[in-house]
Amino acid sequence: MKVRVPMMIQDPLTTRVKGMQPTEDFYVTNERYFLDGPISERVAVLDLDPQTGALMRGVPFLPPKPGQRVGSYALQNEQDIYARDFNQVSVFGTVLRTMDLFETADALGRPLVWAFDAPQLLLVPRAGQWANAFYERDSHSIQFFYFPIHPQSNEMIYTSLSRDIVAHETGHAILDGIAPDLYNAITPQSLALHEAIADLTALMMAFDSHNLRETVLQQTGGYITNSTAFSSIAEEFGRALSRESHAAFYLRTLLNRRTLDENDRSVDDYGKPNLVPRDEPHALSEVLSGALYTVMVKIHESLKKREAQRMGTSEYSASGRALGIGAARFKRMIFRALDYLPPGEISFADYGRAIIAADQASHTEPSLEREWICDEFVTRHMVSDRAAMQVETNVAHPALADVDLETLVASDWAAYEFANRNRKLLGIPPAIPFHVRPRLDVTKLYYGSDGTRKIRECILKVLWDQKEPNPLGRRFPAQRQVSAGTTLAIDWETRRIRAHLMSDASETQRADRDAILRRLADEGTLQLERHAQAPGGHELQSAIIAETTGDLMRVRGAARMLHILQEA
Ligand SMILES: [Zn+2]
């Protein structure tokens, strides 16, 4: 069944400033059923009365009329974007469209799963008055808050009406399902990856809108370099918050020169140093998202030239088509890499290698895009040199010659036995227990000069715990547990290893963990389990819990501190 859902193109203020129509339609096709709410198989809107907290009546679902195929939701007035019912439907559509961007054969090529044990992600479009929005695994929800446009004003900014913010939070929920270990990770770059992917998800959702693409390119003369509509996250939100502080107009910009190069003394347009602290996930995330956005700009510029030549038009005339092609190519690289991430603690370098592997496995000839990615990772000191970005793809291995992939996917026991027999290949240390994750059976679409090809892969992930020193002082145990792992992507047809990626075990990452834990302990955010109780006996929401057994500590839920406002 197909259901028509109107949703916001950007946020109300931005569309007004740009003179755009505020909404566009999305046709949902991937859900098996729809109910009043809106509620579907995997997403449910729960609108709460701000005074009483009671659940409000959801928007009625209108199934397709006899002889027709498209259903819809019964809105009082589709033009009234501030009405509760529009808000409910718009947030529902934006979340489902965001999921669609990941699931298509043009990206992951498989259905998403949530990180929690329940079928539906719950959306609360008006959770209360606060300048914030967040995804929370424990409550299976994304909660969107609202706040006055000026301190004395009755006019509200609803975070759930901002396509950027909704896509950003949905990005967190999706990535939590893809890479659940990041939720309990303590490596600053693991936490920062969540932020960067959430921001890039918002970017892909902006590129996805034909209306927005056309309007922005028209206003910028065909460039994506000087437009805040594509390169800033949460524009309206940032504008309202920065009115007094005169800070940047947006929370985070993707167009940046942020770096980990300790010798870099440069500053941005606001006088802020480009060198970011290695232990602050939000600031760190800008290094990665900035690097990737730079690559996106290069892809667009080169396609613009190519398309202009091919079509015999100006580069400006070719800019829209180039952006459509470029964004699709960019999305394939950055999203497919997520399924290749090794489980456990990871670094930006791990993600960089996963991007290269996901592309190189099917496009074996050298590519400019991969060169640009390596350039950015080296220039911004995410890796020490280009060699660190090299990965082997399409490798034959005797262990895979006669393995039954159907059984490997279906049976946990068979997968465990396979991994146990091949500890060396998978890098599992001898004589320690390990876990095997549910295998992924994916079918992705690849594009070549000779047309499209479907590639089916079995993705196997194994995970184990290891100990490392925990130099946080006498209050904390002397050792801590961190997890590491390996991802193996096997070509269903050729039985070759398309990608083989192991988590980054470098000293640098360990030192970064020391730094962030020390800071969190000093701030009182990191608490040993027995202290982490509020006076009423409830667990402190803001605390990050360190569980201990004997002389060993492990940290849970560090990703909970990643609320959108952290950096503002
Ligand atoms: Zn976030």
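The sequence shown runs 129 to 696 under this note's numbering.
Quick reminder that beta carbons are idealized off the backbone N, C-alpha and C, glycines included.
| said: For Ile556, report the span of its beta strand (DSSP E) as first-last. | reply: Segment: none, Ile556 is in no beta strand (DSSP E) and carries neither H nor E.
| Length of the line joining the Cα atoms of Ser373 and Leu648 | For Ser373, the pLDDT reaches just 41, beneath the cut-off of 50, and the residue's location in the model is therefore unreliable, although a value from the coordinates is still provided. The straight-line gap separating the alpha-carbon atoms of Ser373 and Leu648 is approximately 26 angstroms.
| query | Is any heavy atom of ligand 1 found at a distance shorter than 7 angstroms from the C-beta of Glu414? | reply | Result no, Cβ not under 7 angstroms from ligand 1.
| query | What residue ranges within the segment 320-345 form continuous beta strand (DSSP E) runs of no fewer than 3 residues, ordered along the chain? | reply | The segment 320-345 contains no whole beta strand (DSSP E) run of 3 or more residues.
| According to the Cβ coordinates, are Leu174 and Val252 closer than 8 angstroms? | Yes, Cβ-Cβ distance for Leu174 and Val252 is below 8 angstroms.
| Span of the alpha helix (DSSP H) holding Phe604? | DSSP places Phe604 outside any alpha helix (DSSP H), giving it a letter other than H or E.
| task | Would you give the residue range spanned by the alpha helix (DSSP H) that Arg498 belongs to? | result | 496-507 is the span of the alpha helix (DSSP H), which, as asked, contains Arg498.
| query | DSSP three-state call for Val564: helix, strand or coil? | reply | The answer is strand: DSSP assigns Val564 an E or B state.
| request: Please report how far the alpha carbon of Ala436 lies from the alpha carbon of Met184, in whole angstroms. | output: About 53 angstroms.
| Which residues share a DSSP beta bridge with Pro276? | Secondary-structure assignment with DSSP links Pro276 through a beta bridge to Met284.
| message | I'd like to know whether the C-beta atoms of Ala301 and Leu469 end up nearer to each other than 8 angstroms. | response | Result no, Cβ atoms of Ala301 and Leu469 do not sit closer than 8 angstroms.
| message | According to DSSP, simplified to helix, strand and coil, what is Ile293? | response | The DSSP-derived three-state label of Ile293 is helix.
| query | Exposed or buried, what is Gly399 when buried is set at 16 or more other beta-carbons lying within 10 Å of its beta-carbon? | reply | The residue in question, Gly399, is exposed, as its Cβ has fewer than 16 Cβ neighbours within 10 Å.
| Rounded to a whole number of angstroms, what is the C-alpha to C-alpha distance between Gln196 and Phe189? | Taking the straight line from one Cα to the other gives about 15 angstroms.
| Val198 and Pro166: beta carbons closer than 8 angstroms? | Cβ distance not < 8 angstroms, so Val198 and Pro166 don't count as in contact.
| query | Helix, strand or coil: which one does DSSP assign to Phe244? | reply | Note: Phe244 maps to coil in three-state DSSP.
| said: Measuring only the C-alpha atoms, how far is Asp309 from Asn205? | reply: Counting only the Cα atoms, Asn205 lies some 43 angstroms from Asp309.
| Quick one: complete alpha helix (DSSP H) runs, 4+ long, within the segment 374-408? | For the segment 374-408, not one full-length alpha helix (DSSP H) segment reaches 4 residues or more.
| message | Does the distance between the C-beta of Ala326 and the nearest non-hydrogen atom of ligand 1 fall short of 7 angstroms? | response | It does: the Cβ of Ala326 is within 7 angstroms (strictly closer) of some heavy atom of ligand 1.
| What is the DSSP secondary structure of Ile270, counted as helix, strand or coil? | DSSP places Ile270 in the strand class (E or B) of the three-state scheme.
| said: Closer than 7 angstroms to a non-hydrogen atom of ligand 1 - does that hold for the CB of Glu323? | reply: Between ligand 1 and the CB of Glu323, the shortest heavy atom gap is smaller than 7 angstroms.
| field | Straight-line Cα distance separating Arg225 from Met332 | value | Roughly 11 angstroms between the two C-alpha positions.
| task | May I ask you to check if the CB of His296 is nearer than 7 angstroms to at least one heavy atom of ligand 1? | result | Flag set: Cβ of His296 near ligand 1.
| Whole alpha helix (DSSP H) runs in the segment 414-470 with 4 or more residues, listed along the chain? | Taken in chain order, the complete alpha helix (DSSP H) segments of 4 or more residues contained in the segment 414-470 are 443-468.
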